[in-house]
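Structure first, commentary second.
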Amino acid sequence: MKITWLGQLGLWIETDRASIMVDPYLTDSIYERVGEGYRRLVPLRPEYLACRPDVILLTHDHSDHLDIPSLKALLHEEHPIPVLAGSNAWEKARKAVGGSHNYVQMTPGTEWSVGNLRFRAVRAFHSDPTAVGFVMQGEGLTLYITGDTLYSRELARQVDEPVDVLITVVNGQGNNMNGTDAARLAQDVGAKLSIPTHWGLFAKFSDDPEEFLLACRERKLRTVRAEIYEQLDLNCLLKGEM
Ligand SMILES: [Fe+2]
Ligand SMILES: [Zn+2]
0 MKITWLGQLG
10 LWIETDRASI
20 MVDPYLTDSI
30 YERVGEGYRR
40 LVPLRPEYLA
50 CRPDVILLTH
60 DHSDHLDIPS
70 LKALLHEEHP
80 IPVLAGSNAW
90 EKARKAVGGS
100 HNYVQMTPGT
110 EWSVGNLRFR
120 AVRAFHSDPT
130 AVGFVMQGEG
140 LTLYITGDTL
150 YSRELARQVD
160 EPVDVLITVV
170 NGQGNNMNGT
180 DAARLAQDVG
190 AKLSIPTHWG
200 LFAKFSDDPE
210 EFLLACRERK
220 LRTVRAEIYE
230 QLDLNCLLKG
240 EM
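Using numbering that gives the first Met the number 0, the first residue of the sequence shown is number 0, and each one after it goes up by one.
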């Protein structure tokens, strides 16, 4: 399984049989609307707008996660796909993009399977009260994508399967946990490998992941400091080959 971090919590996940796009923010629409501080620090890569995902996951209704121009580019009327989304994001995407796609309202505990992949929504503690995270299982791997969330002991209680890869927010602003608490979560869920995200895209929130990486080192937890647009081969990383 390969994943490419696209900035914020955007992910392009490629499995043998299907590809999944998570929280695509692939434009500069926030900067165009809000202005300075929100200009992308990493150039646009329009080829990601041309991706043809088999599933889209939307954790919540904040514009760095639910970007209507990105969704309009990714969703093609001749290729209807499931769009699994937290309730507010589900409502907004349905209204703003619509079409014949299958918008599935995901609340904590609900599951959706596609082929050999299974997605479960888990609770997130964020300023969109309907925000969710996702546990994705397939090809022998379990990924836990936190979504935007503060730390709570409840987070790990919802994830009872062994986590291979934790993909977590670490920026500590805007109702997201900081690096120290994200490392606590990595330990709570027993993640074999953790990847810090939701940093480095906007000048306004240009935190680096060092607090997280240091806290993980102190806890003897494995991490990988991905760069935006870098493709990671999770199987190789878990086997220690990279
Ligand atoms: Fe966010
Ligand atoms: Zn958010």
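Ideal Cβ placement from N, Cα and C applies to all residues, glycine included. Quick caveat, the model's predicted, so the values are computed rather than measured.
Query                                                                                                                      : Result
Supposed contact pair I80 and D53 - C-beta distance, whole angstroms, cut 8 Å                                              : 6 Å
Distance, I227 Cα to L73 Cα                                                                                                : 19 Å
Neighbourhood of A182 by C-beta distance below 7 Å, restricted to the same chain and skipping five residues each side      : F211, A214, C215, R218, L220
D127 CB to nearest heavy atom of ligand 4 below 7 Å                                                                        : Of the ligands this structure carries, namely ligand 1 and ligand 2, none is ligand 4.
Neighbourhood of R16 by C-beta, 6 Å cutoff - its chain only, sequence neighbours within 5 removed                          : G114
Beta-carbon contacts of E229 that lie in its chain and below 8 Å, excluding the five residues immediately before and after : T3, W4
Any C-beta of chain B under 8 Å from that of E46                                                                           : Given the protein chain composition of this structure (a single chain), no chain B is represented.
Span of the alpha helix (DSSP H) around Y102                                                                               : Unbroken run through Y102 is the beta strand (DSSP E), 101-104; no alpha helix (DSSP H).
Cut-off 8 Å between Cβ atoms - residues of its own chain near V188, not counting five sequence neighbours on either side   : Y143, L154, A155, V158, V162, L165
L200 vs V223 beta-carbon contact at 8 Å                                                                                    : no
N-terminal and C-terminal residue of the beta strand (DSSP E) that Q152 is part of                                         : Looking at the sequence itself, residue 152 is Arg, so the reference to Gln does not match. Element bounds for R152: not the beta strand (DSSP E) but the alpha helix (DSSP H), 152-156.
N-terminal and C-terminal residue of the beta strand (DSSP E) that D232 is part of                                         : 230-232
Proximity of L233 and F133 at Cβ, strictly below 8 Å                                                                       : no
Any non-hydrogen atom of ligand 2 within 7 Å of H260 CB                                                                    : Shown here, the chain extends from 0 to 241; a query on residue 260 therefore has no answer.
Top-ranked residue by Cα proximity to S151, from H125, M135, T141                                                          : H125
Residue ranges of each beta strand (DSSP E) within the stretch 12-82, 3 or longer                                          : 18-21, 54-57
Residues near A202 in its chain [Cβ-Cβ closer than 7 Å; skip 5 each side]                                                  : G36, R38, L40
Buried or exposed by the 16-neighbour rule on C-beta atoms within 10 Å, applied to R44                                     : exposed
Bridge-paired residues (DSSP) for I2                                                                                       : I12, L231
Those residues which DSSP pairs with S193 across a bridge                                                                  : L165, T222
Cα-Cα separation between A84 and G239, rounded to whole angstroms                                                          : 33 Å
Within 8 Å, strictly: CB atoms of T106 and A130                                                                            : no
D206 vs N170 beta-carbon contact at 8 Å                                                                                    : yes
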